[in-house]
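What follows is one structure encoded as structure tokens, with my remarks underneath.
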Amino acid sequence: MLFLNPWLLIGLVGVLVPIILHMMRRQSAKPLDWGAMRFLFDTVAMRRRRMEWEDMLLMAARCLLIALLALALARPFVPPDSNVPWIFVLPLVLLGVAALGASFVLSKAAARWLTRGVALLMLLSGVALILFERQLNLARFQNTGSRDIALVIDASTSMEIPGPDGRSAFQQAIEEAIVLVKGAPRGTAFSVILGGPAPDAVTGAPLTHRADVIEVLEELRPVGGPFRAHDALGVSLLNLAEGYHAAKEIVVFTDSQRLGWRLDNPSAWTSFGEAVEGLPLPPKLMVRSFPPPESLRNVAVSRIDLSREVVGTDREATIRVTIENTGTEAVTPNPLQVTVGEEPLEPVAIGQLAPGQEETVELRHLFKLAGPTVVKALLDARDDLPVDDVQELVVAVKKRLPVLLVDGNPSGGFFERAAGFTALALAPSAELVEGNKPEENYLMEPTVMPAPEITTLKDLETYRVVVLADVVRLPGSMAERMAAYVANGGGLLILAGPRADEGFYNGWEGPGGAVCPVDLGTLQADAEGIHPAPATFDHETLVLFKDERSSDLGKARVSGFREVTKVRKGGAVAARYTNGKPFLTGRNYGKGRILLATSGFDVRTGNLTTRQSFVPLVHELVTWLAGAGGVKLNVEATWRPALALPGGGGLKGTYYRSFDESRGIAVERVDPTIQFDWKDQQPYPGMNRDRFKIRWEGHLVPPVTGSYRFSMVVDDKATLKINGRTVMRVVSTGQKESGEIKLEAGTPVPIDLDYQEESSHASIKLHWQVPGGSKMEIIPAQALLPLTGERENEVIARSTAVDPRGQERVASLSVGRRGRVLELDGAAIPGLYKVTVPEQLRKEIEELESGEVPLVVRRDVRESRLERLEEEDKELIRKNIDLVEAQSVTDVLAVLSGKGFGKELWRILAVAAFFLLLLEVALARWISKSRRTAEDVKVEFEEKTGPDPGMLEKMKELRKAG
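In structure tokens:
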């Protein structure tokens, strides 16, 4: 407990006034010797103790009254996070004052001095505790003069909720920040960080010119999305480190939503605390909170999704829109309006939503045009937070989904083949049965290839999904290509029928390790047959088939299936048969997906192909596998809006049109792996068939420490350099291995590969043998970074984009540790962006061929739920930085000036003084009245009418004797 006006504590001297008056009154009372009063002594002695107690109560009340008034004028307050509870200190001082006053009324010397000793002890203890608190407060809120202050403004969605006066919390935060800048001590420097999905250091280093800081604050606007407070604090520390003053402070203006503080990750706060301790003077974290109103009317469009990941123009899809009441009042919004592209759908009535209630609306729609299409849901709820009444979703509508089916049993008629029924399920067309591509408007575009012809396949990357239908094995080079294809985003469906070689599939490895999710065993035959068990279906592709009332998949009979001997790391069983054996397994592999069925999809292993559920089953499996690749046009609100493009890890390839570099570059791209066989074709349009060159550059990241060996298979010439040293050179068509090269795990080393093609066929493959390995393997994309020199990323093209506010931004295409990224400058404001695609990407990526694509930064509905920081959350923060919760900007200024602040107690003392005054008046009147009654004593005297008879008798006897 401290005091805002400590000098007014001198008023406590007034406590001596009633004591002095009492002493003076006692001295003015002089004793009179009057023999006639002796008969009253016994009566007065009996009442002396009662009078002392009455005087003690009256004296204590009068001293306490003066002490309460003096303390109230001194304006005591409790500092935040006080170590000494005021509820203990204040009563201790008041009891000491009361005991001191009462001691002067006591008549016995022993009792008088004992009471005074206890009173002095209590008073000294109270004063000591107050001085101790003051010392702690001075150490915490000392005025260090010049300092650097980071102003962090929460610009999240919830800060736009209007308060009782109509101003939003964001507007109040800006106004108070300006007041703080104007009222801060001289020599203070300020930096401004705008907090949102990604913190934006608006001012860079701290500024000392206050007019510039105020101008920056006045230009700030809400960003929307969640407030990533932990990230903003990290940026604040980096920003403060650029300042020149030793003293640092962080002031956060926020509504104290829990979202974004990373309170579920204590280690992140531990790292932050270590960074705080690394500064010369650890800063305080002052939080000025603007709590949301008690009553909130708000309905949010929380989510839009579709019934399947891949959508075509051949059939309807279901659009699901989720509405949620995140407020405290029941709301009946206007009908929901959904727009697909420029086409509005029929409005849908919602009805009344209670607080916390969630409602999902489903609409069926046939997308008519291929390409990225924006689905927009708008709800006019007339609520307190209109920014969350809209949600967008970009749907990449496909005209065709190329699927390659490799048939492991190509002999015989179409329906006797291993891939026949699967191909027909994808596109039920007579042309397909005759061996031609279907001409109808089907999304799926299957191509059936006999397994022996797989080595002639040139354009594997053009297919979104590959189906290996009872393929015995793949040639070594094709197995490597297939594994790399999946690791880079492709989909693979393995149908392990009777002809499949379990030895090949169990030993098949690629850039992401083992390809198959399980180890296969021998073929098991069951004459009576077994059935898929819908109760065991545990995969999103099988949701439609779990209900046996609407699906006959559980009635399919399987007479032959592959035993599963082991589920590998990363693999999972998605469905089982009725005997408990796995039916469908799967895994994610790099950026792609893999599914493996332990039975073929043909008539040799059962009647699955005759079930009505077979066609939708094949579509669900292929659609899910195809959903892994492509460009994601709906992204979360992170640091900056960005499109992650295919081609993650790898080497940066520069393709020259010819030997003569002056003729220009045909293309610069990131190649995931170096395994090309162009035969006698161009590597890229615009290049020569012969006499061209390619240079690959980047960094190699070894997975383990040890000695590595490298190998190249080249037609015609190539030179490999690692860490600036030539490892090997191939000067004519052939294969060559390097000696051992020692590399450290996780340490990137530069790698350069120059390739030249002179004539005829062109090919190159780059292998390595890792420490402990038994064979040469293609270097995987995960071990390659497309970076040159010491740069973290390299910008190779620029374009523009328009954000949800209509402002133009710069879009940069770069290659770096994350592969290729098309990133927009500025914060990730939730909403719809229109991005102009760099020319070189339009022909390469299907989703970007239109030249301008929509990009949606999703809104996080948790921002509308207003979950506030709890006390245990604040304790975690306090463990790593000195947290000060300010109730106003005045409190912040008090801290900066070294005065401190806290909860004031003068109102409590004033009210206590008022009631004590009433008590003192009542007590004085009662004592006065009782004493007047006691003084009305009746004394009766015996009346004598004549002389005493005995005396008369004696006088008569004396007279006779005389």
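Under the working numbering, think of the first position of the sequence shown as 314, with each following residue one higher. Think of the CB as a built atom: it goes at the ideal place given N, C-alpha and C, for glycine as much as any other residue. All values reported here derive from a predicted model rather than from experimental measurement.
query                                                                                                            : result
Coarse secondary structure for A545, derived from DSSP in three states                                           : helix
P788 and P763 closer than 8 angstroms at C-beta                                                                  : no
Nearest-angstrom Cα separation, counted from V1027 out to R1004                                                  : 15 angstroms
Among A1096, D1067, T1046 and S1051, the one whose alpha carbon lies nearest that of A1058                       : A1096
Buried or exposed by the 16-neighbour rule on C-beta atoms within 10 Å, applied to G1119                         : exposed
C-alpha gap between I978 and E1152, whole angstroms                                                              : 14 angstroms
Stretch pair the segment 493-500 + the segment 531-539: three plus CB contacts closer than 8 angstroms           : no
For M795, three-class secondary structure by DSSP                                                                : helix
H932: first and last residue of the uninterrupted beta strand (DSSP E) it sits in                                : That residue, H932, is in no beta strand (DSSP E); its alpha helix (DSSP H) goes F927 to A939.
Any 3 or more C-beta pairs closer than 8 angstroms across the segment 916-931 and the segment 819-826            : no
Collapsed DSSP secondary structure at H522 in the structure displayed                                            : coil
Of the residues T567, E876, D851 and G591, the one placed nearest P811, counting alpha carbons only              : E876
Terminal residues of the alpha helix (DSSP H) in which T583 lies                                                 : P579 to E590
Buried or exposed (CB count within 10 angstroms, at least 16 for buried), A662                                   : exposed
DSSP beta-bridge partners of A1110                                                                               : L1126
Nearest-angstrom Cβ-Cβ length linking T641 and A613, presumed shorter than 8 angstroms                           : That belief does not hold up - the Cβ atoms of T641 and A613 are roughly 14 angstroms apart, past 8 angstroms.
Reduced DSSP category for G816 - H, G, I as helix; E, B as strand; rest coil                                     : helix
Beta-carbon proximity list for P593, same chain, < 6 angstroms, skipping 5 on both sides                         : A559
Length of the line joining the Cα atoms of A809 and T673                                                         : 40 angstroms
Given L1209 as reference, the closest of G414, T1149 and S459 once Cα atoms are compared                         : S459
Extent of the continuous alpha helix (DSSP H) to which D1204 belongs                                             : V1202 to L1209
Length of the line joining the Cα atoms of R1171 and L806                                                        : 31 angstroms
E489 beta carbon less than 8 angstroms from that of F585                                                         : no
Cβ-based neighbour list, Y818, same chain, cut-off 6 angstroms, excluding 5 preceding and 5 following            : C829 and L833
Supposed close pair G804, L938 - CB separation, criterion 8 angstroms                                            : 3 angstroms
Contact set for A514: own chain, Cβ-Cβ below 6 angstroms, skip 5 residues either direction                       : I506, V548 and N552
Close Cβ partners of A349 (< 7 angstroms) along its chain, the five nearest in sequence each way excluded        : Its pLDDT being 48, under 50, A349 is placed unreliably in this model, and the coordinates cannot settle the point.
Simplified DSSP assignment, three categories, for E1184                                                          : helix
Nearest residue (CA-CA) to Q665, options K681, T645 and L1231                                                    : T645
Buried or exposed by the 16-neighbour rule on C-beta atoms within 10 Å, applied to H932                          : buried
Terminal residues of the beta strand (DSSP E) in which E1280 lies                                                : Only positions 314 to 1275 of the chain appear in this structure, which leaves residue 1280 out of reach.
Rounded straight-line distance, which links the Cα of V1148 to that of L464                                      : 32 angstroms
Bounding residues of the beta strand (DSSP E) (the contiguous stretch that carries V505)                         : A502 to G508
Span separating the alpha-carbon of L408 from that of G439                                                       : 10 angstroms
Touching by the beta-carbon criterion (3+ pairs, under 8 angstroms), the segment 687-707 and the segment 775-784 : no
Unbroken beta strand (DSSP E) run spanning A1140, endpoints                                                      : It is not in any beta strand (DSSP E) - A1140 carries neither H nor E in the DSSP assignment.
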